[in-house]
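Engineer:
2 protein chains.
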Amino acid sequence: MTTVNRPGAPDGHVCGIDTAMEVIGGKWKVLILWALHERPHRRFGELRRLLPGVTEKVLASHLREMEADGIVRRVSYDEVPPRVEYSLTEDGRRLNDALEPLAAWGRERSAAGRRGLPAG
Amino acid sequence: MTTVNRPGAPDGHVCGIDTAMEVIGGKWKVLILWALHERPHRRFGELRRLLPGVTEKVLASHLREMEADGIVRRVSYDEVPPRVEYSLTEDGRRLNDALEPLAAWGRERSAAGRRGLPAG
DNA sequence: GTGGGTGGTTACCTCCGGGTGAGCGTGCAC
DNA sequence: GTGCACGCTCACCCGGAGGTAACCACCCAC
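Protein chains in written order, with UniProt numbering: chain Y, 1 to 120; chain R, 1 to 120.
Shown next, in the form of structure tokens:
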């Protein structure tokens, strides 16, 4: 998603931002990242409860994509009932760190109470 | 877009990230931000040429939204032919700064050549 | 046997962000 | 009067991300 066909970079990306945007471009991905950052080794149902409104299908596909992107690690234990644990990879942790300034910006904006109002 | 109805914050946001994600959640918004960061006071047609593939409609609506979000300033000169200049507000500049680490992460990832491959 | 909890998959369907193409209103060049 | 450049706006359409709901396999508690 959000792939921009643009010359200038071999992979069609302009400035690294859109590379990152592709990775975090799912509706719930940053929240998953956040949940996994707060505490590593989250289980599927735990994540689902932490993200009220997400459906199993979407959560599962998001996690698959993030695993394929190398930012989430999935460990499945061969038990009954089945147990699966998700955690951040090193790359995922660095992505989360890179998101912190953005989060700070958002928090500032929320604190300032502006939610679509023109800036002063 | 990407609005998550979630308790815990008065505005339905969890951690500031999704506040930011809403603001930059358009297909071309980060690129507009980038173009406006490289040089302030871009004209409409200039931006269109800088973002090959964007349509007038989408560029216009993106700019309107960013203006409403207070990160872009729009100055219209009453001339013929009409001239409109776009620039970043202070908030927009800070947003761009907050995006830098993310861009660095993306550049690193591009440099590492991984584009969806599992992490090693 | 019925229900619950585990972590999914599958088949549909909805919704809206974004793409397409046209038109507008002005003045200048031809 | 025809066309162009500018910076849009409007009406329409499409694709895909995401939502809905059912189902699967397993075991335990009742």
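Ideal Cβ positions, reconstructed from N, Cα and C, are used throughout, including at glycine.
Please read all numbers here as calculations on a predicted model, not as lab measurements.
What does DSSP give as the partner residues of residue 88 of chain R in its beta bridges?
Structural biologist: R:72
Engineer: Return yes when the Cβ of residue 85 of chain Y is within less than 7 Å of the Cβ of residue 43 of chain Y, no when it is not.
Structural biologist: yes
Engineer: Kindly confirm or deny that the stretch 51–65 of chain Y and the stretch 23–34 of chain Y touch, where touching means at least three C-beta pairs closer than 8 Å.
Structural biologist: yes
Engineer: Provide the residue span of the alpha helix (DSSP H) that contains residue 41 of chain R, from first to last.
Structural biologist: Element bounds for residue 41 of chain R: n/a, residue is neither H nor E.
Engineer: Against chain Y, does residue 98 of chain R count as a neighbour if the rule is that its beta carbon must be under 7 Å from one of theirs?
Structural biologist: yes
Engineer: With a threshold of 6 Å on Cβ separation, who are the neighbours of residue 77 of chain R within its own chain once the five nearest residues in sequence on each side are excluded?
Structural biologist: 83
Engineer: Taking residue 78 of chain Y as the query, report the chain R residues whose CB atoms sit under 8 Å from its CB, ordered along the chain.
Structural biologist: Near residue 78 of chain Y there are no residues of chain R at all, since even the closest Cβ is about 21 Å away, more than 8 Å.
Engineer: According to DSSP, which residues form a beta bridge with residue 83 of chain R?
Structural biologist: R:77
Engineer: Please confirm whether residue 3 of chain R has its beta-carbon closer than 7 Å to some beta-carbon of chain Y.
Structural biologist: Bear in mind that a pLDDT of 43 at residue 3 of chain R, under 50, signals an unreliable position, so the model cannot answer this.
Engineer: Taking the CB atoms as reference points, tell me whether residue 105 of chain Y and residue 95 of chain R lie closer together than 7 Å.
Structural biologist: yes
Engineer: From residue 100 of chain R to residue 79 of chain Y, what does the alpha carbon distance come to, in whole angstroms?
Structural biologist: Spanning the two alpha carbons is a distance of roughly 43 Å.
Engineer: Kindly indicate which three-state DSSP category residue 19 of chain R falls into: helix, strand or coil?
Structural biologist: helix
Engineer: Can you give me the C-alpha to C-alpha distance between residue 93 of chain Y and residue 34 of chain Y, rounded to a whole angstrom?
Structural biologist: Spanning the two alpha carbons is a distance of roughly 10 Å.
Engineer: Residue 21 of chain Y and residue 30 of chain R look like a contact to me (Cβ under 8 Å); what is the Cβ gap, rounded to whole Å?
Structural biologist: In this structure, residue 21 of chain Y and residue 30 of chain R form a Cβ contact; the two beta carbons are roughly 6 Å apart against a cut-off of 8 Å.
Engineer: Looking at chain Y, is there any beta carbon in it that lies within less than 7 Å of the beta carbon of residue 20 of chain R?
Structural biologist: yes
Engineer: What does residue 109 of chain R touch in chain Y if you count any residue whose Cβ is under 7 Å from its own?
Structural biologist: 19
Engineer: Whole-angstrom Cβ separation of residue 17 of chain R and residue 66 of chain R, contact assumed at under 8 Å?
Structural biologist: Between residue 66 of chain R and residue 17 of chain R the Cβ distance is about 18 Å, and since that is not below 8 Å, they are no contact.
Engineer: Given this structure, state the Cα-to-Cα distance separating residue 72 of chain R from residue 58 of chain R, to the nearest angstrom.
Structural biologist: 15 Å
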